[in-house]
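Beneath this line is the structure, given in structure tokens, with notes to follow.
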Amino acid sequence: MPDYQLLIFDWDGTLVDSIGRIVEAMHRAADACGLERRSDLRVKGIIGLGLPEAISSLYPQLDEPCLVERFRRCYSEQYLRLESEPSALFPGVAEALEAFRAAGYGLAVATGKGRHGLHRVLEQRGWLNYFDTTRCADESASKPDPLMLEQILAHCGVCASRALMVGDSAFDLLMAQRAGMDAVAVGYGAQPLSALRRYAPKLAIEEFTALRAWLEGRATGQKDEVSHYVG
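The opening residue of the sequence shown carries number -3 in our numbering; numbering runs sequentially from there.
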């Protein structure tokens, strides 16, 4: 039996290659609302937050709920246009998830997406019943508050020490820290590993397939087999 029982994944930038579309949708929403575009780097820095929190971070001058809501609507409209063809999974994700299920891991998603958005993309992939549970920012607290992870642990009946959070943002790793949970940092999404290592992830990887190799090594007692991936 592996030492972890439950694997919890962020969605955008961890399982799905959607960061470019999120950045572009933010730029287009800014144009539609008559606001100055923020840099790509700054937009990437808020990916992982719930959408209202992300908007407020980028545009603190939108200090009235109606202004934030207008921007949110513009962003959602632009993102849906860009997502007419769903963003692709990163290489190796589909195969690795199947291998994790076959090995007996529980699988969950903790995302800054809203429930409507996550439902749409899961439905498009035929994955509505694929994960043991999923939690979204609009039905919990935004990352890095640990509530989302605590709700997932309670639903799955797993303690924090037996769960692993996998994400591409500082918000994912800080959320895991606050929940008392190990984390894996992925450097191919919103933020580079140079920014994520300060949160002391258990593992730091540049491709999703490295997670599968590392977990398989741990399950067979060969915990040093892929040590070169460790951040």
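No residue lacks a Cβ here, since even glycine has one placed at the ideal position from N, Cα and C.
Tell me the residue span of the beta strand (DSSP E) that contains residue i.
i: Asp178; result: 178 to 182
i: Ala230; result: Residue 230 lies beyond the stretch modelled for the chain, which goes from -3 to 227, so this question has no answer here.
From residue i to residue j, what does the alpha carbon distance come to, in whole angstroms?
i: Phe167; j: Gly41; result: 9 Å
i: Ile201; j: Leu207; result: 7 Å
i: Leu54; j: Ala215; result: 42 Å
i: Val12; j: Leu2; result: 20 Å
i: Ala188; j: Glu65; result: The residue you asked about is not Ala; residue 188 is Pro in the sequence shown. The straight-line gap from Cα to Cα measures roughly 30 Å.
i: Tyr143; j: Gly176; result: The sequence shown places Leu at residue 143, not Tyr. Whole-angstrom Cα-Cα distance: 12 Å.
i: Leu211; j: Gly217; result: 10 Å
i: Leu58; j: Ala50; result: 12 Å
i: Asp220; j: Ala196; result: Any reading at Asp220 is ruled out, since the residue's pLDDT is 48, under 50, leaving its predicted position unreliable.
Over what stretch of residues does the alpha helix (DSSP H) that includes residue i continue unbroken?
i: Phe96; result: 89 to 98
i: Val117; result: 111 to 121
i: Ala150; result: 143 to 152
i: Arg38; result: 36 to 40
i: Phe167; result: 166 to 175
What distance in whole Å lies between the Cβ atoms of residue j and residue i, which are believed to be in contact at a cut-off of 8 Å?
i: Ala186; j: Gly9; result: 5 Å
i: Cys70; j: Ala25; result: 4 Å
Does the beta-carbon distance from residue i to residue j come in below 8 Å?
i: Leu149; j: Ala137; result: no
i: Ser165; j: Gly44; result: yes
i: Asp128; j: Cys152; result: yes
i: Arg68; j: Pro87; result: no
i: Thr107; j: Leu114; result: yes
Kindly indicate which residue of the options has the alpha-carbon position closest to the one of residue i.
i: Glu135; options: Gln147, Tyr126, Asn125; result: Gln147
i: Arg194; options: Cys155, Leu170, Ala156, Phe204; result: Leu170
i: Ala191; options: Ala209, Gly100, Gly163; result: Gly163
i: Asp141; options: Arg174, Tyr184, Ser72, Phe96; result: Arg174
i: Leu103; options: His112, Leu124, Lys109; result: Leu124
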